[in-house]
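The structure appears right after this line, and notes come after that.
Numbering (our numbering), first residue to last: 2 to 158.
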């Protein structure tokens, strides 16, 4: 019974993550067209940057704190004893990423987006935006690998 609930929860979290990634990809298409060599951005460009960074950040957060945690519960890992780093390392052990530091780097970028006032400094905003654009392919690859892992385990079809 608990396993069935855990599987349903994992599927729900994975589906929500998929939708979040889709939204992020839609904004990514617009965001990558913004010229990073400019000295300042238009209001419309800033809106696209803000939306992309928010969606990117939300996707990373959802992957780590909802999908990977629900996967640990499903696979009967002791969630009470695990730190976020333990959960991230578990993704490497499952083959979702080759090196857990890939996810750590995504999490650090997510934290920078979420907790620092990058809007106050145009240069820092450009750097953070550029890093997020560059890391989008990593997030998409992780999403693909996660679905492959879940399908191989029989969690999804």
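Idealized CB from N, CA, C, for every residue including glycine. Predicted, not measured: the structure shown is a model, and the values here were computed from it.
Closest by C-alpha distance to residue i, when choosing among the options
i           : options           : result
residue 37  : 68, 100, 132      : 132
residue 53  : 29, 73, 143, 4    : 29
residue 140 : 150, 98, 113, 114 : 98
residue 91  : 57, 26, 68        : 68
residue 58  : 46, 112, 84       : 112
residue 85  : 96, 75, 63        : 63
residue 34  : 146, 134, 144     : 134
residue 110 : 45, 56, 49        : 56
residue 76  : 95, 137, 129, 42  : 95
residue 130 : 47, 8, 83         : 47
residue 74  : 155, 49, 8        : 8
residue 20  : 155, 61, 102, 150 : 61
residue 51  : 127, 65, 106      : 127
residue 66  : 100, 157, 5, 107  : 107
residue 31  : 49, 24, 144       : 49
First and last residue of the uninterrupted alpha helix (DSSP H) at residue i
i           : result
residue 105 : 102-116
residue 42  : Unbroken run through residue 42: none, as it is neither H nor E.
Three-state secondary structure (DSSP) of residue i
i           : result
residue 156 : coil
residue 71  : helix
residue 77  : coil
residue 84  : coil
residue 49  : helix
residue 99  : coil
residue 34  : coil
CB-CB length for residue i against residue j, believed under 8 Å
i           : j          : result
residue 104 : residue 89 : 5 Å
residue 71  : residue 16 : About 11 Å; that fails the 8 Å criterion.
residue 87  : residue 93 : So it is not a contact: roughly 11 Å between Cβ atoms.
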